[in-house]
Amino acid sequence: MQSQRDLPPEPPSSEITPESAFMGRRDFLKNGLLTAGTAALVGSSLLWLAGMKPPPDAPEPPPVAQGTGTGAAPAAGQQPAAGGQPATGGPPSAVAAGPPTAPSTRGPYDTDEALTSYQSVTTYNNFYEFGLDKGDPAQNAHTLVTRPWTIAVEGEVAKPQTIDIDTLLGWFTPEDRVYRMRCVEAWSMVIPWLGFPLADLIKRLEPTSNAKYVEFLTLNDPKQMPGVRRPVLKWPYVEGLRMDEAMHPLTLMTVGVYGRQLPNQMGAPLRLVVPWKYGFKNAKSIVTIRFTQEQPKTSWALAASNEYGFYANVNPEVDHPRWSQASERRIGEVGRRKTLPFNGYAESVAELYAGMDPRKLY
Amino acid sequence: MATTPPLLAAGARPRAARPAPRRGTPMPWLRPGLILGALVPLAAMIVGTVRGTLGANPIAEVINELGLIALVFLIAGLACSPLRWAFGWTWPIRLRRDLGLLAFFYALLHFLVYVVLDQGVDLGIIVEDVVQRPFITVGFLALLLMVPLAWTSTSGWVRRLGYQTWTRLHQLVYVAGILAVIHFLWRVKIDISQPMLYATILGALLLARVAFWLRGRQMRKA
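So the sequence lines, in the order shown, correspond to chains A and B. Going by this note's numbering, the first residue of the first sequence is number 1, and it counts up by one from there. Going by this note's numbering, the first residue of the second sequence is number 1001, and it counts up by one from there.
Here's what the structure looks like:
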């Protein structure tokens, strides 16, 4: 046992912190830290469970679509767009850098509604091949390799063939088209596409008179597309149109958006846009175009035929079984707006469905 | 959680070398930690709204996040008793009332954002949604069931109703939990893996209760 002599002199009792205060301060510190630690653990677990993470940044805009502008000038006179539309903004300028550009003029098929921002258009996407969250495609689609890329033309055609994408793009001069896009999930956008009428492509592919439908297949490559490793939908993604729908001048094969090449997450290098139908009809990253006699078995109709039909025409009066289609949220706006029949394109397309029960056209 | 029985009876304070707890509640940091942490997602949503970092469709984003957090708290509250049976832990029970109230708080916010921001207080549409769309009907019922539970969550109400009646009333939380999971399951578009995960956890917690009751009955018989 130590004796008092071995210890240094005690400080005067006035300087000794009372035991209760000493213990209290230690408790206070300890409890403060434990409270903060618990709060951090609970808070971060909740953020993780609710999947709360900041949305992806808009991609660096890629240069303008290949096959236009630079180098080999598009053969203007050589390939007149038979019955085609006037290129509203003229051929887009081939600027490699700088901000995405909106078309300066409006053609007969363009809406004059305010454009949805480039940021929203390129980061809020349904492209399940790259994940189920709207931000996943922008995050994951960098693994998609769009060159080299070929498109197989099959089925009821004069000559089945496989076409290189750059060859195909060389046939057309992309034009600006500002379309409304209405998702079946009751949100909508206004998007300045860059593309050419599907009708022009179909005429070149020479389908036979047996062709009643045209079917589009999306790339199905688990190495490039993490989403197809899970059987969420039947892969490859299949979409299709009746021939008269496909030949309609509104129906667009798109290669770009905002004056730039289509970013991967939006379906590069070749994507269908059918503005009077719900967005899931817009087949992305197309690798096969097949002309058929039978109505194609589309992926969403196979997954839930009572919710997603073949026609999928925008119709405010036919509700999705689980939500109303009467209104929609335009991305960037707070209030909802009324959904228009055929997404506002009734004047152009309603005649295609004369005599058909509109309630069956979902 | 009704009342917290003192862990050490008065006078039983041991005269050990280690000082006995000087305050009544063990782990006094637990509840404030939980409540502070529980408010983190709400704070994140408010900051995200102000800074505009919630993505292209912030209203849909906020509705989904609020609903999911409400479900997490509801299930966490249902885990308290099974945790005590399984591990003998008593601390989850002391958090049960807070967990239930947090679940109600987030569920109410979830509903209010839907009513005010998503539908612009269009009562016609909202009534139609609640009546015609099964997934909204069950979600709305779950919220309604939680109202009397939140209302009678105080110790005063336990006394007023009597412990037995109060307990029976609060067993409605099982129904609310099941309805909330169905609400989630019917809402998702195609990939049901996430709602199925919550359904499985809820199912396990309810099964644990069934097993506990059955064992209790057997023991009473014996």
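Quick reminder that beta carbons are idealized off the backbone N, C-alpha and C, glycines included. These numbers come from a predicted model, not from an experiment.
Between residue 331/A and chain B, the shortest Cβ-Cβ separation is below 9 Å.
Apart from sequence neighbours up to five positions away, the residues of its chain that approach residue 343/A with a beta-carbon distance below 7 Å are 180, 182, 275, 276 and 314, ordered along the chain. Within the segment 1023-1045 of chain B, the residues whose Cβ lies closer than 7 Å to any Cβ of chain A are, in chain order, 1028, 1029, 1030, 1032, 1033, 1034, 1036, 1037, 1038, 1040, 1041 and 1044.
DSSP, read as helix, strand or coil, puts residue 343/A in helix. Relative to residue 1074/B, the option among 1049/B, 1177/B, 1138/B and 1064/B whose CA is nearest is 1177/B. Secondary structure in the segment 165-191 of chain A: the beta strand (DSSP E) runs of 3 residues or longer, each lying completely within the stretch, are 175-182 in chain order.
Contact check for residue 101/A against residue 1032/B fails: the beta carbons are separated by 9 Å or more. Apart from the 5 residues on each side of it in sequence, residue 208/A sits with its Cβ closer than 6 Å to the Cβ of 156 in its chain, given in chain order. The straight-line gap separating the alpha-carbon atoms of residue 1105/B and residue 1070/B is approximately 8 Å.
Inclusion of residue 144/A and residue 268/A in the CB contact set at 9 Å is warranted, their separation being smaller than that value. Nearest CB-CB separation between residue 123/A and chain B: below the 9 Å threshold. The segment 1164-1176 of chain B makes no contact with the segment 347-356 of chain A: fewer than 3 CB pairs, one atom from each, lie closer than 8 Å. Contact check for residue 1039/B against residue 43/A passes: the beta carbons are separated by less than 9 Å. When rounded, the separation of the alpha-carbon atoms in residue 130/A and residue 298/A is 19 Å. For the set 48/A, 186/A, 110/A and 341/A, the Cα lying nearest the Cα of residue 193/A is the one of 110/A.
In the three-state scheme derived from DSSP, where H, G and I count as helix and E and B as strand, residue 1104/B is classed as helix. Taking 9 Å as the threshold, the shortest C-beta distance from residue 263/A to chain B does not fall below it. Apart from sequence neighbours up to five positions away, the residues of its chain that approach residue 224/A with a beta-carbon distance below 7 Å are 143, 144 and 145, ordered along the chain. Nearest Cα to residue 1045/B within the set 217/A, 54/A and 153/A: 54/A.
What residue 1201/B touches in chain A, judged by beta-carbon distance under 8 Å, is nothing: the nearest beta carbon there is about 12 Å away.
The beta carbon of residue 1195/B sits closer than 7 Å to those of 1181, 1184, 1185 and 1188, all from its chain and outside the five residues before and after it, given in chain order. Under the 9 Å criterion on CB atoms, residue 52/A is classed as interfacial with respect to chain B.
Flagged as an interface residue toward chain A: residue 1055/B, by a C-beta distance shorter than 9 Å.
Here residue 152/A is bridged, per DSSP, to 162/A and 288/A. Measuring C-alpha to C-alpha distances from residue 199/A to each of 312/A, 190/A and 213/A identifies 213/A as the nearest. Along the segment 233-268 of chain A, the alpha helix (DSSP H) occurs as fully enclosed runs of 4 or more residues at 243-246, listed in sequence order.
Taking a cut-off of 8 Å on C-beta distances, the segment 253-270 of chain A does not touch the segment 236-244 of chain A, as fewer than three cross pairs fall below it.
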